[in-house]
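Number 55 in full-length UniProt numbering belongs to position 55 of the sequence shown; there are no gaps in the numbering.
Shown next, in structure tokens, is the structure this report addresses.
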Amino acid sequence: ESTQNQENSVSGEEKETNAEGYLVGYSLNSMDSTMKQMADYFENVALERGWTPVLQNANGDVSTELNNMESLMNMGCDAVVIMGCDTEGSAAAIEELGAAGVPVIIAGRAINAGEDSYYTYVAGDHHEAGKVQAEYLNNLLKEDDALELQIAFLYGQSGSSSVEQRYEGFEENCLKGEYADRVHLVASQYAEFDTQKAYDITTDMLTTYPEINCFVTQSDEQAAGIIN
1 ESTQNQENSV SGEEKETNAE GYLVGYSLNS MDSTMKQMAD YFENVALERG
51 WTPVLQNANG DVSTELNNME SLMNMGCDAV VIMGCDTEGS AAAIEELGAA
101 GVPVIIAGRA INAGEDSYYT YVAGDHHEAG KVQAEYLNNL LKEDDALELQ
151 IAFLYGQSGS SSVEQRYEGF EENCLKGEYA DRVHLVASQY AEFDTQKAYD
201 ITTDMLTTYP EINCFVTQSD EQAAGIIN
């Protein structure tokens, strides 16, 4: 047995599995701070279990993602996790690997691939995340009867189901919520989870709509662009 396997406190059956040296792939849609944390965690857990992790970054491009997924398949990955670029566009890559018998786990955001083409789907409640943003603003409105919010909303990545669900949660509970008469959506645009794009969009919005007094966004990277 390898030194790594001897150091791990695992059962004999688990040691036998570790000795096989599973190759596990992770296809990321980007490498922003959130994705980097997830990638690091994936890599660390894989190594702890004696597996070999392989990471691929699509940089938000569906064509690159498909090539990355095919590369992972051709490398002989025993399983692949995908954080997809696009709800519709990412389906082809998943279905190709599924047809080849590679277990695929969809993470983070739903992808409209055939149910028989992937093993499982794991994600948080994106609608609830949008609701939490709404509740924060609702509390401000509750505390100050004179406050009216002129909101600019910066979406994350276009074509992403998680982005849509977060906005729906925000819209239902704030824009159409208890204080809807004092909340006005002035402008909205996709910033693609990019700091520089968020900065440029913010600059343009504030020039065009000087009445804006509130920005709502969907990632730390975009928030940094807005603040700067």
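Heads up, the beta-carbon is just placed ideally off N, CA and C, and yes, glycines get one too.
Specify, as a first and last residue, the run of the alpha helix (DSSP H) that residue i falls within.
| i | result |
| --- | --- |
| A224 | 220 to 227 |
| A46 | 33 to 48 |
| T203 | 195 to 208 |
| L66 | 62 to 74 |
| I94 | 91 to 99 |
| S162 | 161 to 170 |
On the criterion of 16 or more Cβ atoms from any shown chain inside 10 Å, does residue i qualify as buried, or is it exposed?
| i | result |
| --- | --- |
| P53 | buried |
| F215 | buried |
| M75 | exposed |
| E178 | exposed |
| G12 | Bear in mind that the predicted position of G12 carries a pLDDT of just 34, short of 50, making it unreliable; the figure below should be weighed with that in mind. Label assigned to G12: exposed. |
| D194 | buried |
| G124 | exposed |
| A134 | buried |
| G50 | buried |
Taking the beta strand (DSSP E) that residue i falls in, what are its first and last residues?
| i | result |
| --- | --- |
| Y121 | 120 to 122 |
| Q133 | It is not in any beta strand (DSSP E) - Q133 instead sits in the alpha helix (DSSP H) that spans 126 to 143. |
| A187 | 183 to 190 |
Apart from the five residues on each side of it in sequence, which residues of its chain come closer than 8 Å, Cβ to Cβ, to residue i?
| i | result |
| --- | --- |
| residue 229 | Given that the chain is displayed from residue 1 to residue 228, the structure contains no residue 229 and the question cannot be resolved. |
| H127 | Q165, R166, E168, G169 |
| S188 | A152, F153, L154, Y155 |
Where residue i and residue j are concerned, what is the direct C-alpha to C-alpha distance, given to the nearest angstrom?
| i | j | result |
| --- | --- | --- |
| D200 | E221 | 13 Å |
| C47 | N59 | Per the sequence shown, residue 47 should be read as Leu rather than Cys. Rounded to whole angstroms, L47 to N59 spans 24 Å at the Cα level. |
| Q157 | A191 | 7 Å |
| E115 | D204 | 42 Å |
| E43 | V80 | 13 Å |
| N67 | K131 | 36 Å |
| A99 | N29 | 22 Å |
| G159 | V62 | 11 Å |
| T217 | L23 | 36 Å |
| Y119 | M69 | 15 Å |
| I105 | D78 | 12 Å |
| T207 | Q196 | 17 Å |
| A224 | T34 | 13 Å |
| D144 | E171 | 20 Å |
| N228 | Y121 | 36 Å |
Using the DSSP secondary-structure output, state which residues sit across from residue i in a beta bridge.
| i | result |
| --- | --- |
| S27 | Q56, I82 |
| A110 | Answer by DSSP bridge pairing: none, since A110 is not bridged. |
| I105 | V81, T120 |
| residue 238 | What is shown of the chain runs 1 to 228, which leaves residue 238 out entirely. |
| L149 | V183 |
Suppose the cutoff is 7 Å on Cβ atoms and the five residues either side in sequence are ignored; what does the same chain contact list for residue i look like?
| i | result |
| --- | --- |
| I111 | G84, T87, S90, A91, I94 |
| L72 | G25, S27, V54, Q56, V80 |
Leaving out the 5 sequence neighbours to the left and right, which residues in its chain are closer than 6 Å to residue i when beta-carbon positions are compared?
| i | result |
| --- | --- |
| E211 | Q150 |
| S162 | R109, H126 |
| S117 | I94, E95, G98 |
| M31 | N57 |
| E7 | In this prediction, E7 has a pLDDT of 36, which is less than 50 and means its spatial position is unreliable; what the coordinates show is noted afterwards. Around E7: no qualifying Cβ. |
| N213 | Q150 |
| residue 313 | The structure shown does not extend to residue 313, since the chain spans only 1 to 228, so no value can be given for it. |
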